[in-house]
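Colleague: Residue numbers (this note's numbering): 5 to 250. By construction, the Cβ of each residue, glycine as well, lies at the ideal position given by its N, Cα and C atoms. Starting off with a structure, shown below.
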């Protein structure tokens, strides 16, 4: 989405998390990771989605011609394999590749009750947990995502799908995806920023050897603003954090 950076994604999502923690409410966040996301988008299903979303036939035909008739092979110790047709994946390094991927996963959020945040192939779910029904609701969302991946021939890397529990009253619920229990972690690198879960009303974000401790109550309780641009400016002025990929 235009003018939406990784900083905007982080601030928007964790502002809600921090607000809930400040109110003494537990929050569960689930980080999802697609296995080789850009390489596994099936061409036929991609074209099906493009036509379903009323993309004109000339454009669909152009994209189809751009994707088809691609072949690949591997070389091991000087021995070549047979040429094999490439039937999945959006060419990385191209201008249109990321756009096609975003169009392909555009319906990922349909029917999801939790707060969903998507940035390229990084997806996370956030849910306030106040009762067992909230846990059930979040698990139901995971089941929906598992069904979505199965339907559209995508796979989650279950070893990299994680759960983080926030809040002193958190019950540390167990969640599963495709029948596999998700691991519980105390920190996660989210869009270049390391998020550490603490029972106190604070988050710890660090980059490299620098560590900045943020009292999330100060900007979000003292000045309660909902506009993302204003929130982003407050954090930039107070913390001078620069989000970089490394």
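Flag this pair as yes or no: are the beta carbons of residue 75 and residue 87 separated by less than 8 Å?
Modeller: Residue 75 sits at position 71 when you count from the first residue of the chain shown. Residue 87 sits at position 83 when you count from the first residue of the chain shown. Contact: yes.
Colleague: Short check: CB of residue 179 to CB of residue 142, under 8 Å?
Modeller: Position 175 of the chain shown, counted from the first residue, corresponds to residue 179. Position 138 of the chain shown, counted from the first residue, corresponds to residue 142. Their beta carbons are under 8 Å apart, which means residue 179 touches residue 142 by this criterion.
Colleague: From residue 168 to residue 64, what does the alpha carbon distance come to, in whole angstroms?
Modeller: Here the question's residue 168 lines up with position 164 in the chain shown. Here the question's residue 64 lines up with position 60 in the chain shown. Cα-Cα distance, rounded: 41 Å.
Colleague: Tell me the start and end of each unbroken alpha helix (DSSP H) in the segment 87-161 that is at least 4 residues and wholly inside, in chain order.
Modeller: Within the segment 87-161, the complete alpha helix (DSSP H) runs of at least 4 residues are 100-108, 136-155.
Colleague: Taking DSSP's pairing of strands, which residues face residue 192 in a bridge?
Modeller: In the chain shown, counting from the first residue as 1, residue 192 sits at position 188. DSSP, once it has assigned bridges, lists 199 as partnering residue 192.
Colleague: Look at the Cβ atom of residue 160, then the Cβ atom of residue 38, and state whether they are nearer than 8 Å.
Modeller: Taking the chain shown and counting its residues from 1, one reaches residue 160 at position 156. Taking the chain shown and counting its residues from 1, one reaches residue 38 at position 34. A contact, by the Cβ cut-off of 8 Å.
Colleague: Using DSSP with H/G/I as helix, E/B as strand and the rest coil, what is residue 11?
Modeller: Taking the first residue of the chain shown as position 1, residue 11 is located at position 7. Helix at residue 11.
Colleague: Shortest alpha-carbon distance to residue 42 belongs to which of 189, 137, 95?
Modeller: Taking the first residue of the chain shown as 1, we reach residue 42 at position 38. The shortest C-alpha separation from residue 42 is found at 95.
Colleague: Count the other CB atoms within 10 Å of the CB of residue 83; is the residue buried (16 or more) or exposed (fewer)?
Modeller: Position 79 of the chain shown holds residue 83. Exposed.
Colleague: Since residue 134 and residue 29 should fall inside the 8 Å C-beta cutoff, what is the C-beta to C-beta distance between them, to a whole number of angstroms?
Modeller: Here residue 134 refers to the residue found at position 130 when the chain shown is read from its first residue. Here residue 29 refers to the residue found at position 25 when the chain shown is read from its first residue. Rounded, the Cβ-Cβ distance is 6 Å, consistent with contact.
Colleague: Relative to the alpha-carbon of residue 90, which residue among 80, 184, 48, 188 has its alpha-carbon at the smallest distance?
Modeller: To locate residue 90, count along the chain shown from 1; it is residue 86. Checked all of 80, 184, 48, 188; the closest Cα to residue 90 is 48.
Colleague: Could you say which of 77, 51, 164, 97 lies nearest to residue 128 if we only look at CA atoms?
Modeller: Translated into the one-based positions of the chain shown, residue 128 becomes position 124. That would be 164, whose Cα lies nearest to the Cα of residue 128.
Colleague: Assuming residue 31 and residue 99 make a contact with CB atoms under 8 Å, what is their CB distance in whole Å?
Modeller: For the purposes of this step, residue 31 is identified with residue 27 of the chain shown, where counting begins at 1. For the purposes of this step, residue 99 is identified with residue 95 of the chain shown, where counting begins at 1. That pair is no contact at about 37 Å.
Colleague: May I ask you to report which of helix, strand or coil DSSP gives residue 41?
Modeller: Counting from one through the chain shown, the residue named residue 41 turns up at place 37. Residue 41: helix per DSSP, three-state reduction.
Colleague: Kindly indicate if chain C contains any beta-carbon less than 8 Å away from that of residue 86.
Modeller: Chain labels in this structure do not include chain C; a single protein chain is all it has.
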